[in-house]
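*Asks:*
Residue numbers (the numbering used here): 1293 to 1438.
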């Protein structure tokens, strides 16, 4: 029963919490999910620039995002609401914009914090002929705001 609940809940969490707003098309959601998966797979080897603190790595940001998702899944498994999460993160969203020529997409992972603050991680993905994200190009750029 628990595995079937996880199988039902997992797509919901990643689609609604991490990747998509209500106004994104299914194709946009698919691209955003693929881009985030590529970012996670390549994080250990990617360079980051911008508003980066000493010794900070892309894996640090993504580790916090993973913990946030795990907390949401745990609460849903336990039948609890998603109010007052322990995580300092309040929301995660990924947005991608396909560029002219449709060979790349510029993506941003937005991480919002409680009580305020936001980190944006910008990166570029290569697209195949079907507009699926297949690889990451270059470095990631980190920006922060209040």
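Using N, Cα and C, we set each Cβ at its ideal position, and we do this for glycine too.
Model, not experiment: these values are computed from the prediction.
According to the neighbour-count rule (16 or more other Cβ atoms, all chains shown, within 10 Å of its Cβ), is residue 1434 buried or exposed?
*Replies:* buried
*Asks:* Taking all protein chains shown into account, do 16 or more other C-beta atoms lie within 10 angstroms of the C-beta of residue 1353, making it buried, or fewer, making it exposed?
*Replies:* buried
*Asks:* Residue 1427 to residue 1377, Cα distance in whole Å?
*Replies:* Whole-angstrom Cα-Cα distance: 33 angstroms.
*Asks:* Given a cut-off of 8 angstroms on the beta-carbon distance, is the pair residue 1397 and residue 1417 in contact?
*Replies:* yes
*Asks:* Is the beta carbon of residue 1438 less than 8 angstroms from the beta carbon of residue 1412?
*Replies:* no
*Asks:* Under three-state DSSP, which class holds residue 1344?
*Replies:* coil
*Asks:* Should residue 1425 and residue 1318 be called a contact, given that it needs their Cβ atoms to be closer than 8 angstroms?
*Replies:* no
*Asks:* Buried or exposed: residue 1402, going by 16 or more other Cβ atoms within 10 Å of its Cβ?
*Replies:* exposed
*Asks:* Within 10 Å of its beta-carbon, does residue 1432 have 16 or more other beta-carbons around it, so buried, or fewer, so exposed?
*Replies:* buried
*Asks:* What residue from 1348, 1392, 1359 has the CA that sits closest to residue 1336's CA?
*Replies:* When only C-alpha atoms are compared, the closest one is 1348.
*Asks:* Looking at the structure shown, is residue 1433 part of a helix, part of a strand, or coil, going by DSSP?
*Replies:* strand
*Asks:* If you follow the beta strand (DSSP E) that residue 1398 is part of, which residue opens it and which one closes it?
*Replies:* 1396 to 1405
*Asks:* Do you know offhand how far residue 1323's Cα is from residue 1419's?
*Replies:* Between residue 1323 and residue 1419, the alpha-carbon positions lie close to 9 angstroms from each other.
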